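**Q** Residue numbers (the working numbering): 1407 to 1587. The C-beta atom is built at its ideal place from N, Cα and C for all residues, glycine as well. Quick caveat, the model's predicted, so the values are computed rather than measured. Provided herewith is a single structure, encoded as structure tokens, for subsequent inquiry.
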């Protein structure tokens, strides 16, 4: 069975669920669905935003939630009949299938089907996504020594630590802060 699946994948035939904007043709190759394909193109064009100069920060268009809200306000639904979400938009923007590349079970076939998005737009979309990723702050505090080791006698749950930071103003107008663990 595994060999048959691999052979089918190496021919570029669809295995599993087809991405939004495509359907499996009678020959097993992805074929665009015109109405869905237009929505996919619109999502990429809106998110990629206006062209920017080489070496400058990509400007980009509205974010994932704004695009989903716009599609929902127009009454457009996903293939399953659900409203659009930021997660659904993100999944479309990351999917290389829209470039005409079929990837399945370690097999990658470029140009196996009609692309819906130009490479330049796809690359701009990736650049915008890279600039919009949140920068997370590293935990600067040491871990709790007994965290997960000590257990409650009553419920059996592990001990976890908690840090509270408080700020206040003194009567003389100066401020003070304290961290409690």
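1) By Cβ distance, which residues of its chain are closer than 6 Å to residue 1588, with the 5 residues on each side in sequence left out?
2) Relative to the alpha-carbon of residue 1568, which residue among 1548, 1579 and 1580 has its alpha-carbon at the smallest distance?
3) For residue 1466 and residue 1454, which I take to be in contact (beta-carbon distance under 8 Å), what is that distance rounded to the nearest angstrom?
4) Per the contact definition of three or more C-beta pairs closer than 8 Å, is the region 1522-1530 in contact with the region 1478-1497?
5) Can you tell me the Cβ-Cβ gap for residue 1505 and residue 1445, rounded? I've got them flagged as a contact below 8 Å.
6) At the level of alpha carbons, what is the spacing between residue 1577 and residue 1533?
7) Closest by CA to residue 1508, which one among 1423, 1543 and 1519?
**A** This is what the structure gives:
1) Here the chain covers residues 1407 to 1587 and nothing more, so residue 1588 does not appear.
2) Here the closest residue by C-alpha is 1548.
3) In this structure, residue 1466 and residue 1454 form a Cβ contact; the two beta carbons are roughly 7 Å apart against a cut-off of 8 Å.
4) Touching, no, given that fewer than three Cβ pairs across the two stretches are closer than 8 Å.
5) In this structure residue 1505 is not in contact with residue 1445, their Cβ atoms being roughly 17 Å apart against a cut-off of 8 Å.
6) Pairing residue 1577 with residue 1533, the inter-Cα distance amounts to about 51 Å.
7) Shortest Cα-Cα distance from residue 1508 to any of 1423, 1543 and 1519 involves 1519.
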